[in-house]
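>
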């Protein structure tokens, strides 16, 4: 799970400061959850560019379903130390650890088990970045700034439709041309396109985590020792 920004012109019919993001541009934020096959499983759009990823999550149906206990439907799996889970989402440490969100340990001078976990978690979590690359590479309108009316934003972007088309291409096994992730700037320099994914400025305080959240991560780290 992660968020990406879609740039827009300065809003004329909404408080522009609400759309001013961390990179000093006007944008809206889209939260996306993907699986390891890069299929989009959940999407939430139309949050103002100034919104932190946590706030986007709180406003999404995904968070509501998790709180209701209706997000995961698989049978429970028993992990080391007797920890049970029927599903979880991987995220960076800009999100708070919870019973259903697993984030890295982070920090320095890590124990070898923590370092192993963080490396594997990062590799798996990289799926969302690859999904953004594929989606924005194929539908390059999401790489440019949009003139838009905030009152009709969802209808203009059709982002949900694009996610459906993206999944159809994934299911059909259509390969992605990695050259689409590169562009030539105004100076003739070839560079990788910016996928507009902001790294967290600092990790969310562990004080917000629960005992169950820490137990789940610890159990997953223990299981990785034997994979």
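In full-length UniProt numbering, the protein residues as written are 1 to 227.
Note that the Cβ used here is the ideal one computed from N, Cα and C, for glycine as well.
Pick out whichever of 26, 3, 7, 39 has its Cα sitting closest to the Cα of residue 174.
Checked all of 26, 3, 7, 39; the closest Cα to residue 174 is 39.
> Within this structure, are the beta carbons of residue 113 and residue 219 separated by less than 9 Å?
Contact: no.
> Would residue 98 pass as a contact of residue 124 if the rule is Cβ separation under 9 Å?
Result no, Cβ atoms of residue 98 and residue 124 do not sit closer than 9 Å.
> Kindly indicate which residue of 76, 128, 68, 162 has the alpha-carbon position closest to the one of residue 138.
For residue 138, the nearest C-alpha among the options comes from 162.
> By Cβ distance, which residues of its chain are closer than 6 Å to residue 76, with the 5 residues on each side in sequence left out?
Only 84, 86 meet the Cβ criterion.
> With residue 102 and residue 217 assumed to form a contact (beta carbons below 8 Å), what rounded beta-carbon distance in angstroms separates them?
About 6 Å separates the two Cβ atoms, so the contact holds.
> Mind checking who residue 48 pairs with in its DSSP beta bridge?
Looking at the DSSP assignment, residue 48 forms a beta bridge with 28.
> For residue 43, name the three-state secondary structure that DSSP assigns.
It is a strand residue.
> Please return the same chain residues whose Cβ sits closer than 8 Å to the Cβ of residue 182, not counting the five positions on each side in sequence.
Excluding positions up to five away in sequence, the list reads 190, 191, 192, 193.
> Name the residue from 53, 160, 17 whose alpha carbon lies nearest to the alpha carbon of residue 196.
Comparing Cα-Cα distances from residue 196 to each of 53, 160, 17, the minimum goes to 53.
> How would you call residue 290, buried or exposed, if buried means at least 16 neighbouring beta carbons within 10 angstroms?
Only positions 1 to 227 of the chain appear in this structure, which leaves residue 290 out of reach.
> Helix, strand or coil: which one does DSSP assign to residue 78?
Looking at residue 78 - three-state DSSP - the assignment turns out to be strand.
> Less than 9 Å separating the beta-carbons of residue 34 and residue 3?
Contact: no.
> Using CA coordinates, which residue listed in 69, 179, 170 is at the minimum distance from residue 88?
Among 69, 179, 170, the Cα nearest to that of residue 88 belongs to 69.
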